[in-house]
Structure formats: structure tokens, C-alpha cells
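Residues in the sequence shown are numbered from 177 upward in steps of one, following the working numbering. Data first, discussion second: the structure below is written as C-alpha cells.
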Amino acid sequence: MTDLWIAFVMGIVEGLAEFLPISSTGHLILVGHLLGFEGERAKTFEIVIQLGAILAITVLYRNRLVSLFNIKPILQREKKFNALHILMGILPFGTVGVLFHDAIKTYLFRPETVVIGLLAGAALMLVAEKKKPIPTTHSLDEMTYRQALLIGCFQCFAAWPGFSRAGSTISGGLLSKVSYKATAEFSFLVALPVMVGVTGLDLFKSREHLDVADIPMFLVGFGTSFVVALLAVVTFLKWLERLGLTPFAYYRIVLAVLFTVFVLL
């Protein structure tokens, strides 16, 4: 398979999986393993295409993101979604990332650990669906700082590849009495600073693996990821309110079992 086709396939995987509760990192590792696209060059490519998914959320939620720069709601204690909600949502994961970033990259980015993350994340999602209380928060502007912090704590599970940032945060939101739509949108927004920080750090550390000859491949992956992520987010919000997390949890279990039986064993 040529580099451009690999870029196209991996871009689709990233765009579909980044903001769905199925783990983009896990899927990229598994698909990369199947395609024989591994090593430092592959890791650098994965970092670049994540930027495409980040750009998709920036475009879709540009008005909400711009509003975060308005500190008036914070100063006047208005009941309105603001930058403090985002801060509460990223503090726990940011702390874990700073403390354990190198260890996570060194020891957990393997197909075997991804399978564990897929199964553990699926279990969390099924528990959240079964135990979720009746939501009291139906929009971002109704979300409390406490709820934002609790969801941020759940996001820490996503440090384990395969667990899924979306799956962890949406599960935390449901258990914190936040509606599907509001918790999904918060998951998208809180992912942005986390992804920008982690991706920026990874890209800086991988700079020696960047090569001018790889630009066409990186552009194909980036563009594909951006377009697919745009479509995936809009579609996912419609599915989530109708179907919940359960179908995604079962998909993760089936994927983990099939990959283990046919590839790892």
C-alpha cells in the first residue's frame, strides 16, 4: 500500500474515532499495526493528522470558543458557560499528562495495552448507561464548575490508550447528571486545549522525524481527518441522543476480541 493510501486510510480512522467514544489513539495503533505502518515516522504522522480533527472542532464551535474569551460572565458570576469550565475540565488530565507523559508513551502505546483499554472503557460506558441518574443539566450554560471538574477527572482515564477521551468524559457527564448533548459538547470543547497541548508537545519532541518528502502524505492525512471529523461530530450528536453509549461499548468489545484472536494470538 502506498504512503498516500495509508495516509487516506489513517485520516479516515482519526476523523471518525477522535471524538467518538471508541478511542482514536487505540484505533490508530491497531490499524497502523495491521498496515505495517509503525515506528517513529508513523507516530509523527499520527500527531499531524490529529491537528485536522482539532481544526474540525474549532470550525464547528467557533462561536462558542470566541465567547470563552469574554471574562464578564466570570466577574459577574453569571450562569453561563465560560473559560473556568474549560479550566476545571482540563486540570486533572493536564496534571496526569505532565507527570506521566513519557511513561505513557513508552509503555502503553502497544496493541496489547490498547485491547485492555478498549475493554475497560467499554465497561465504564456500560456502567454509566446503567447507573446514570436523571439529568438536571441540559445545556452547557447550565453546567456547574463541580460537574466540569468531575468530568475532567473522568477524562484522566483517557491517558490509557484505547480508553477513549470521549467515552470517559461522556460517561463522567452522564454520572454527573448532565444530558447526552451537553456532555458530548463539553467533551469536544475540553478536548481542544488538551489535544493542542499534548499534540504540540509530541510534535516538538518528534521534530527530527519531520521530512519535507513526507509533506504530501501529511497533507492527505490532515485533510482527510478534518473532513471526516466534521461529518462524524455532527452525525454522532444525533446518534448519541437516540442510541446512547451502549452500541459503542459493544463495538469496542467485539473489536478487542477479534483483534486479540486474529492478530495478537
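Built from N, CA and C at the ideal position, the CB exists for glycine as well.
For the set Tyr283, Ala367, Leu231, Thr312, the Cα lying nearest the Cα of Phe269 is the one of Ala367. Under DSSP, Val354 shares a beta bridge with Thr313.
The C-beta distance from Gly397 to Ile225 rounds to 4 Å, short enough to fall under 8 Å.
For Ser200, the enclosing alpha helix (DSSP H) starts and ends at 200-211.
With fewer than 16 other Cβ atoms inside 10 Å of its own Cβ, Glu216 counts as exposed. For Met319, the CB contacts under 7 Å within the same chain, skipping 5 residues up- and downstream, are Phe257, His261, Thr313, Val354, Ala358, Phe362 in chain order. Excluding the 5 residues flanking it on each side, Leu284 has same chain C-beta neighbours closer than 7 Å at Trp336, Pro337, in chain order. Counting only the Cα atoms, Gly349 lies some 11 Å from Leu316. Annotation note: the stretch 353-389 contains the following uninterrupted alpha helix (DSSP H) runs of length 4 or greater, listed N- to C-terminal: 356-381. In chain order, Gly202, Ile205, Leu206, Pro337, Gly338 place their CB closer than 7 Å to the CB of Val290, counting only its own chain and leaving out the 5 sequence neighbours on each side. Measuring C-alpha to C-alpha distances from Leu365 to each of His209, Gly208, Ile429, Leu241 identifies Leu241 as the nearest. Sequence-distant partners of Glu305 (beyond 5 residues in either direction) whose C-beta falls short of 6 Å from its own C-beta, in its chain, are Gly420, Leu421, Thr422. Scanning Gly265, Phe195, Phe333 for the CA closest to the CA of Ile280 turns up Phe333. For Arg428, the enclosing alpha helix (DSSP H) begins and ends at 422-435.
By the 16-neighbour rule on beta-carbons within 10 angstroms, Gln252 is exposed. The closest CA to that of Phe330, considering only Tyr356, Glu194, Leu300, is found on Leu300.
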